[in-house]
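Enquirer: Offset between the sequence shown (1-based) and the working numbering: plus 39.
A single structure is presented below for examination.
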Amino acid sequence: MIQKALTFDDILLVPQYSNIKSRGEIDIGNNLDANLQLSLPIIASPMDTVCEGSMANHMSRNGGLGIIHRYNTIDEQVQHVASAKDNTNQTVGAAVGVTDDFEERACALKDAGVDVICVDIAHGHHILMKRALVILKDMFGDSIHIMAGNVATKEGVCDLVRWGADSIRVGIGGGSICSTRIQTGHGVPNLAAIMECAQAELEHPVPLIADGGIKNPGDIVKALALGADFVMVGSLLAGTIETPGDIIYSSDNSKYKTYRGMASKDAQMNWRGRVSSLEGVSTFVPLRGSVADILQGLDRSIRSGFSYSGAHNIQEFREKVKFVMQTSAGLTESRTHIIK
Ligand code: IMP
Numbered sequence: 040m041i042q043k044a045l046t047f048d049d050i051l052l053v054p055q056y057s058n059i060k061s062r063g064e065i066d067i068g069n070n071l072d073a074n075l076q077l078s079l080p081i082i083a084s085p086m087d088t089v090c091e092g093s094m095a096n097h098m099s100r101n102g103g104l105g106i107i108h109r110y111n112t113i114d115e116q117v118q119h120v121a122s123a124k125d126n127t128n129q130t131v132g133a134a135v136g137v138t139d140d141f142e143e144r145a146c147a148l149k150d151a152g153v154d155v156i157c158v159d160i161a162h163g164h165h166i167l168m169k170r171a172l173v174i175l176k177d178m179f180g181d182s183i184h185i186m187a188g189n190v191a192t193k194e195g196v197c198d199l200v201r202w203g204a205d206s207i208r209v210g211i212g213g214g215s216i217c218s219t220r221i222q223t224g225h226g227v228p229n230l231a232a233i234m235e236c237a238q239a240e241l242e243h244p245v246p247l248i249a250d251g252g253i254k255n256p257g258d259i260v261k262a263l264a265l266g267a268d269f270v271m272v273g274s275l276l277a278g279t280i281e282t283p284g285d286i287i288y289s290s291d292n293s294k295y296k297t298y299r300g301m302a303s304k305d306a307q308m309n310w311r312g313r314v315s316s317l318e319g320v321s322t323f324v325p326l327r328g329s330v331a332d333i334l335q336g337l338d339r340s341i342r343s344g345f346s347y348s349g350a351h352n353i354q355e356f357r358e359k360v361k362f363v364m365q366t367s368a369g370l371t372e373s374r375t376h377i378i379k
């Protein structure tokens, strides 16, 4: 039988009795591990139009985390890490792949002071991921946090934990710039992937990062409710001043920045001079001001979301949360609908 797989717009969380009088009573933070706490459960995607030094620095200053992308030379990536860590209190992550220079890159990043190494491949439940994680764990032991992904199944989570991952990115094919499902027919609607992966909790408790397809703060709240410990976002941060890339002016002087998938033609030509599998697109997004303002808005909305369920923290939120499925008429009603 074919299983039903829901995603963010298919559900709503049911409001519940709340004794919370102010958003300040709510703690939306979470732990990546015993030494790494984030007060804002938001992680910036390792993409060349989202996260280099400036974004990673500002994510950390605002309580989140940025993962500096790997589509550059080792020296360039190390420079970005250095610029993100002006002072040593900043928490910074950086990505590596699973082939070529990944061991040398990981060593250089560790020496540069990164707190998180993210083993970043599109299909993470893979033999090359196993090899990379075993090598990295052998090299570093528990001296650095290893994030890995992406996967979309409970089995994928369990295997990555056995191979050495300390946190897992969940989501295949749901990103706003992603064409994986169209090109390959593979993927799982992201909320369903999170719900399935969260079932690994009893066997392999590990922080889960819901990655891709998060369009608005409500989607963050739904992801946290149904099993994610953190969310990873690209489009929600795209177009901010701290993203890499020049400002582009249109003929009417409106300002834009590029946002592109790392498997888009543009991105692949840029970093390796040829295209292999095309699974992403490139677009322009309006310039949106500082990332601090965006993150503060997201922080307020997540707190309001917890408050509607009467929850003071993520553990209480998970225990209390109830959800319903909505129809397409419900979805139409859920969106502002006076403006046609
Ligand atoms: P968004 O937040 O919906 O924009 O999705 C961002 C996520 O899409 C990233 O964190 C990656 O997991 C994923 N991603 C980035 N580039 C590509 C691509 O070219 N194809 C498919 N997925 C991508």
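Even glycine gets a Cβ: it sits at the ideal position worked out from N, Cα and C.
This structure is a prediction, so every number in the text was calculated from the model and none was measured.
P325 bridges to which residues according to DSSP?
Expert: Within the sequence shown, the letter at position 286 stands for residue 325. DSSP lists Y295 as partners of P325.
Enquirer: If the criterion is Cβ atoms closer than 9 Å, does the pair L45 and M234 meet it?
Expert: Counted from its first residue, the sequence shown places residue 45 at position 6. Counted from its first residue, the sequence shown places residue 234 at position 195. Yes, Cβ-Cβ distance for L45 and M234 is below 9 Å.
Enquirer: Taking 7 Å as the limit between beta carbons, can you name the residues of its chain near G136, skipping five residues before and five after?
Expert: Counted from its first residue, the sequence shown places residue 136 at position 97. Once the five neighbours on either side are set aside, the close Cβ partners of G136 are R109, D159 and I160.
Enquirer: Is the beta carbon of Y347 sitting closer than 9 Å to the one on S57?
Expert: Residue 347 sits at position 308 when you count from the first residue of the sequence shown. Residue 57 sits at position 18 when you count from the first residue of the sequence shown. Yes, the Cβ-Cβ distance between Y347 and S57 is below 9 Å.
Enquirer: Helix, strand or coil: how does DSSP classify Q129 here?
Expert: Against the sequence shown, residue 129 aligns to sequence position 90. Of the three classes helix, strand and coil, the one that applies to Q129 here is coil, per DSSP.
Enquirer: I need the straight-line Cα distance from M308 to Q354, nearest angstrom please.
Expert: Here residue 308 refers to the residue found at position 269 when the sequence shown is read from its first residue. Here residue 354 refers to the residue found at position 315 when the sequence shown is read from its first residue. Using only the alpha carbons, I get a separation of about 44 Å.
Enquirer: On the criterion of 16 or more Cβ atoms from any shown chain inside 10 Å, does K261 qualify as buried, or is it exposed?
Expert: Looking up residue 261 in the sequence shown gives position 222. When all chains shown are included, K261 counts as buried.
Enquirer: Is the Cβ-Cβ distance between A191 and V245 less than 9 Å?
Expert: Walking along the sequence shown from the start, residue 191 turns up at place 152. Walking along the sequence shown from the start, residue 245 turns up at place 206. In this structure, V245 does not lie closer than 9 Å to A191 by Cβ.
Enquirer: Look at the alpha carbon of M178 and the alpha carbon of I185, and state the distance between them as a whole number of angstroms.
Expert: Taking the sequence shown and counting its residues from 1, one reaches residue 178 at position 139. Taking the sequence shown and counting its residues from 1, one reaches residue 185 at position 146. Roughly 12 Å between the two C-alpha positions.
Enquirer: I'd like the span of the beta strand (DSSP E) that includes D250, first residue to last.
Expert: As a working mapping, residue 250 is identified with position 211 in the sequence shown. Start and end: L247 to D250.
Enquirer: Please classify Y288: is it buried, with 16 or more other beta-carbons within 10 angstroms of its beta-carbon, or exposed?
Expert: Within the sequence shown, residue 288 is the residue found at index 249, counting from 1. Label assigned to Y288: exposed.
Enquirer: Of the residues K359, G103, T375 and M364, which one's Cα is nearest the Cα of Q55?
Expert: Position 16 of the sequence shown holds residue 55. Among K359, G103, T375 and M364, the Cα nearest to that of Q55 belongs to K359.
Enquirer: In angstroms with no decimal places, state the Cα-to-Cα distance between E372 and T366.
Expert: Mapped onto the sequence shown, residue 372 falls at position 333. Mapped onto the sequence shown, residue 366 falls at position 327. Their Cα atoms are separated by approximately 10 Å.
Enquirer: Starting from R342, follow the beta strand (DSSP E) in both directions and report where the run begins and ends.
Expert: In the sequence shown, the residue the question calls residue 342 occupies position 303. Segment V330 to Y347 is the alpha helix (DSSP H) holding R342; no beta strand (DSSP E) there.
Enquirer: Using a 10 Å radius around the Cβ and a threshold of 16 neighbouring Cβ atoms, would you call H164 buried or exposed?
Expert: One-based indexing of the sequence shown puts residue 164 at position 125. Counting Cβ neighbours within 10 Å, H164 comes out buried, since at least 16 surround it.
Enquirer: Are the beta-carbon atoms belonging to T282 and L275 less than 9 Å from one another?
Expert: In the sequence shown, the residue the question calls residue 282 occupies position 243. In the sequence shown, the residue the question calls residue 275 occupies position 236. No, the pair does not count as a contact, with Cβ atoms beyond the cut-off.
Enquirer: In angstroms, rounded to a whole number, what distance separates the CA positions of R320 and V314?
Expert: Walking along the sequence shown from the start, residue 320 turns up at place 281. Walking along the sequence shown from the start, residue 314 turns up at place 275. Reading off the sequence shown, one finds Val at residue 320, where the question assumed Arg. Cα-Cα distance, rounded: 13 Å.
Enquirer: Are there three or more Cβ pairs, one per stretch, closer than 8 Å when the stretch 97–111 is compared with the stretch 76–85?
Expert: As far as the Cβ criterion goes, the stretch 97–111 touches the stretch 76–85, which means the pair count is three or higher.
Enquirer: Between G344, A368, T375 and I377, which has its C-alpha nearest K361's C-alpha?
Expert: Here residue 361 is taken as the residue at index 322 of the sequence shown, counted from 1. Here the closest residue by C-alpha is G344.
Enquirer: Could you tell me whether the Cβ of I259 comes closer than 9 Å to any Cβ of chain C?
Expert: Among the chains in the structure shown there is no chain C, since it carries only a single protein chain.
Enquirer: Confirm, please, whether the CB-CB distance from A249 to G382 is below 9 Å.
Expert: Missing from the structure shown is residue 382; the chain here goes from 40 to 379 and no further.
Enquirer: With DSSP run on the structure shown, which of helix, strand or coil describes G92?
Expert: The residue labelled residue 92 in the question sits at position 53 within the sequence shown. Helix, per DSSP.
Enquirer: On the three-state DSSP scale, how would you describe L75?
Expert: Indexing the sequence shown from 1 puts residue 75 at position 36. Reduced to three states, the DSSP call for L75 is strand.
Enquirer: Nearest-angstrom Cα distance between D306 and G312?
Expert: The residue you call residue 306 lines up with position 267 of the sequence shown. The residue you call residue 312 lines up with position 273 of the sequence shown. Residue 306 is actually Ala in this sequence, not Asp. Roughly 9 Å between the two C-alpha positions.
Enquirer: Closest to L370 by C-alpha separation, out of L51, I41 and K43, would be which residue?
Expert: In the sequence shown, residue 370 corresponds to position 331, counting from 1. When each option's Cα is compared against that of L370, the closest is L51.
Enquirer: Taking 8 Å as the cut-off, is the beta-carbon of R327 closer than that to any non-hydrogen atom of the ligand IMP?
Expert: As a first step, residue 327 is located in the sequence shown; it is residue number 288 there, counting from the start. No.
Enquirer: Which class does R208 belong to by DSSP, given the choice of helix, strand or coil?
Expert: Residue 208 sits at position 169 when you count from the first residue of the sequence shown. DSSP places R208 in strand when its eight states are reduced to three.
Enquirer: Does K60 pass the burial test, meaning 16 or more other C-beta atoms within 10 Å, or should it be called exposed?
Expert: Counting from 1 along the sequence shown, the entry for residue 60 is found at position 21. With fewer than 16 other Cβ atoms within 10 Å, it is exposed.
Enquirer: Would P111 and W310 be called neighbours here (beta carbons separated by less than 9 Å)?
Expert: Within the sequence shown, numbered from 1, the residue matching residue 111 stands at position 72. Within the sequence shown, numbered from 1, the residue matching residue 310 stands at position 271. Here residue 111 is Asn; the residue named in the question, Pro, does not match the sequence. Result yes, Cβ atoms of N111 and W310 sit closer than 9 Å.
Enquirer: Which runs of the alpha helix (DSSP H) fall wholly inside the stretch 154–238 and span at least 4 residues, in chain order?
Expert: Qualifying alpha helix (DSSP H) stretches, in chain order: 166–179, 193–202, 219–223 and 229–237.
Enquirer: Cβ of K261 versus every heavy atom of the ligand IMP: is any distance shorter than 8 Å?
Expert: Here residue 261 refers to the residue found at position 222 when the sequence shown is read from its first residue. K261: no, Cβ never under 8 Å from the ligand IMP.
Enquirer: Do the CB positions of A133 and Q116 come within less than 9 Å of each other?
Expert: Position 94 of the sequence shown, counted from the start, is the residue given in the question as residue 133. Position 77 of the sequence shown, counted from the start, is the residue given in the question as residue 116. The answer is yes: Cβ separation under 9 Å.
Enquirer: Helix, strand or coil, according to DSSP, for L52 in the structure here?
Expert: Locating residue 52 in the sequence shown gives position 13, where the first residue counts as 1. Of the three classes helix, strand and coil, the one that applies to L52 here is strand, per DSSP.
Enquirer: For the candidate residues R357, S93, G284 and Q335, whose alpha-carbon lies nearest to that of V324?
Expert: For the purposes of this step, residue 324 is identified with residue 285 of the sequence shown, where counting begins at 1. Per the Cα distances, G284.
Enquirer: Who are the near neighbours of I243 in its chain, counting only those whose CB is closer than 8 Å to its CB and skipping five residues on each side?
Expert: Taking the first residue of the sequence shown as position 1, residue 243 is located at position 204. Reading off the sequence, residue 243 comes out as His, not Ile. Result list for H243: V196, C197, V200 and R201, in chain order.
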